[in-house]
Ligand code: ASP
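Structural data, given as structure tokens:
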């Protein structure tokens with residue numbers, strides 16, 4: 004006999020995962036704003052507790068990356084013939100290039116329209132006293148140059164695949180796995196069966212472990228976001244409010260207009276369904292600020308929630324997490340233009356074109372880790388004749404904007420998977436059976 008009312012029988016833990024993560028996010032902001040970093044729980048500072056829990060969650064995600072992407076790419080490649088591979092490859096690269104370019108142009112238009120670097124027509128650096136900061140991030144970006152971009156292609160062929168895996172060199176690992184999977188598809192008889200069963204089994208196990216880690220994402224999200232709010236607070240944002248608004252507006256336009264149109268017109272699926280299916284991945288990207296760490300959750304969401312085949316998801320997503328960064332490309336452009344405006348520099352159309360091209364190229368080379376854009380922005384600043392320290396102007400707000408641009412990066416990869424799957428004739432994608 005049931006004596007507890009129905010509503011009360013549903014414990015919060017039975018809520019859909021995205022609702023749990025959203026609740027964790029809101030809770031993290033409230034706790035972060037109410038308490039001080041030094042507030043103690045059982046004698047331990049709140050900041051240490053959130054840092055510790057956040058690091059645990061990040062470790063769990065990173066632990067999945069190597070076995071998951073290797074098995075996923077190999078399984079995806081096993082059934083591809085050379086023709087299909089060429090088709091998938093060219094469509095994917097075209098998508099990645101086009102969406103990144105549109106993102107940068109959106110950023111360029113919005114930053115020229117709003118001109119966040121000028122306050123009442125005066126360069127913001129003088130009128131607000133914005134100072135270029137110096138800290139470890141500046142040391143980090145010092146000495147970087149365009150050769151970093153060229154190095155990306157060098158890293159694509161790793162001299163030691165085990166070292167590439169250990170160092171998290173994704174591109175090298177992807178390249179090796181693509182080759183391996185392709186030649187597994189050419190094996191015959193018993194070797195073919197053994198290899199196929201082994202990699203399929205490994206992938207199935209990795210998906211299960213990913214599922215388990217996802218169950219803890221509300222705690223991980225809470226810890227990571229709470230830590231950011233505790234450390235940065237809200238006061239620091241005031242002088243950069245217009246820059247902040249410009250970036251958010253441009254990211255919003257790209258995500259909710261451009262990419263939604265791609266979903267609607269090219270993939271012919273309901274954008275709202277795709278958003279719902281991707282919520283766990285988007286919220287994880289938001290809280291971790293790392294597309295690479297989010298990759299396992301992105302794959303889980305795209306394959307099991309949106310129902311894209313492993314053949315397409317296994318190929319497009321690992322590649323996308325490494326080379327396709329729409330949010331980052333857009334941010335690089337807006338940030339460089341903002342800094343130029345704040346320094347009172349008028350950029351002519353040719354220089355703006357240079358900014359666009361470098362933003363496009365560097366966004367391919369930027370790693371899917373927190374604050375990676377800062378290196379790319381310093382390359383752009385160097386190219387347009389601004390000092391490296393100028394990047395210090397945006398450091399205060401970089402972390403929160405990093406959360407937002409990473410979510411856009413991940414969303415674009417997932418839209419690519421859905422679009423290519425639909426173009427390849429997959430009918431079940433985001434259909435009635437999809438678990439959105
Ligand atoms: N954090 C971003 C990512 O992982 C890269 C960046 O823009 O800094 O996708």
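Residue numbers (our numbering): 4 to 439. Ideal Cβ positions, reconstructed from N, Cα and C, are used throughout, including at glycine.
| query | result |
| --- | --- |
| Minimum length 4: unbroken alpha helix (DSSP H) runs contained in the region 146-207 | 150-158, 164-169 and 173-187 |
| Test item: CB-CB of residue 346 and residue 404 under 8 Å | no |
| At least 3 beta-carbon pairs within less than 8 Å: the region 217-233 vs the region 94-108 | no |
| Three-way DSSP call (helix, strand, coil) for residue 3 in this model | Residue 3 cannot be examined here, being either before or after the span of the chain that is shown, 4 to 439. |
| For residue 3, the three-state DSSP class (helix, strand or coil) | Since the displayed the chain opens at 4 and closes at 439, residue 3 lies outside it and no answer follows. |
| Secondary structure of residue 47, DSSP reduced to three states | strand |
| Spatial distance of residue 191 from residue 74 (CA atoms) | 20 Å |
| C-beta contact flag for residue 324 and residue 277 at 8 Å | no |
| Under the three-state DSSP convention, the category residue 121 falls into | strand |
| Proximity winner among 425, 406, 376 and 348, relative to residue 125 (alpha-carbon distances) | 348 |
| Pairwise C-alpha distance: residue 226 and residue 26 | 13 Å |
| Option in 222, 395, 269 and 382 with minimal Cα separation from residue 30 | 222 |
| Buried or exposed (CB count within 10 angstroms, at least 16 for buried), residue 260 | exposed |
| Any non-hydrogen atom of the ligand ASP within 7 Å of residue 99 CB | no |
| Given residue 121 as reference, the closest of 421, 368, 267 and 344 once Cα atoms are compared | 344 |
| Whole-Å CB distance - residue 327 paired with residue 263, under 8 Å assumed | Actually they are not in contact, since the Cβ atoms of residue 327 and residue 263 sit about 17 Å apart, beyond 8 Å. |
| CB-CB length for residue 354 against residue 300, believed under 8 Å | Wrong, their Cβ atoms sit about 39 Å apart, outside the cutoff. |
| Which of helix, strand or coil DSSP assigns to residue 369 | coil |
| Boundaries of the alpha helix (DSSP H) in which residue 321 is found, first to last residue | 313-326 |
| Reduced DSSP secondary structure (H/G/I, E/B, other) of residue 353 | helix |
| Proximity test, residue 292 beta-carbon vs the ligand ASP heavy atom, cut-off 7 Å | yes |
| Residue 402: CB within 7 Å of a non-hydrogen atom of the ligand ASP | no |
| Residue 139, buried or exposed, once every other Cβ within 10 Å from all chains shown has been counted against 16 | Because residue 139 sits at a pLDDT of 48, beneath the cut-off of 50, its placement in the model cannot be relied upon, and the following sentence gives the value as read from the coordinates. Counting Cβ neighbours within 10 Å, residue 139 comes out exposed, since fewer than 16 surround it. |
| Between the CA atoms of residue 311 and residue 431 - distance to the nearest angstrom | 8 Å |
| Rounded C-alpha distance that separates residue 111 from residue 340 | 8 Å |
| Whole-angstrom distance between residue 368 and residue 180, CA atom to CA atom | 19 Å |
| Residue 188 and residue 82 closer than 8 Å at C-beta | yes |
| Residue range of the alpha helix (DSSP H) that includes residue 334 | 329-345 |
| Host alpha helix (DSSP H) of residue 425 (start-end) | 398-426 |
| Cβ-based burial, residue 394 [other Cβ within 10 Å; buried from 16] | buried |
| Helix, strand or coil at residue 110 according to DSSP, with G and I counted as helix | helix |
| Of the residues 337, 297 and 321, the one placed nearest residue 65, counting alpha carbons only | 297 |
| Backbone secondary structure at residue 35 - three-state DSSP | helix |
| Spatial distance of residue 411 from residue 80 (CA atoms) | 27 Å |
| Endpoints, the alpha helix (DSSP H) within which residue 277 is located | 274-291 |
| DSSP state of residue 432 mapped onto helix, strand, coil | coil |
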